[in-house]
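Using my numbering, the first residue of the sequence shown is number 987, and each one after it goes up by one. Ideal Cβ placement from N, Cα and C applies to all residues, glycine included. Take a look at the structure below.
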Amino acid sequence: MEEKILKFILDCAEERKVVPFSMIEEEFNIMMDDKLKSVVAEALWDIDTVSDALVEEDGFVINFFED
């Protein structure tokens, strides 16, 4: 399940600046509490193409390394 959530976030981040928590919650029928947000942010940091993963008020802000 975690891999599907991460893939969804990365796909959305390519198209938009902020990936809203509400979008993730609706897609996976989950509640994004602070602990889950922290776990997901740490997992995003471990992805080689991600240069920055921030937990903002409304969602995740993901920046990618440029080729």
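For residue 1040, the pairing in a beta bridge is given by DSSP as 1047. In this model, residue 1008 and residue 1053 are separated by some 30 Å (Cα to Cα). From the listed residues 996, 988, 990 and 991, the smallest Cα separation to residue 1034 is found for 996. The beta-bridge partner set that DSSP reports for residue 1004 consists of 1047. Residues 1039 of the same chain have their beta carbon placed closer than 8 Å to that of residue 1031, with the five preceding and five following residues left out of the count. In this structure, DSSP gives residue 1020 a helical state, which the three-state scheme calls helix.
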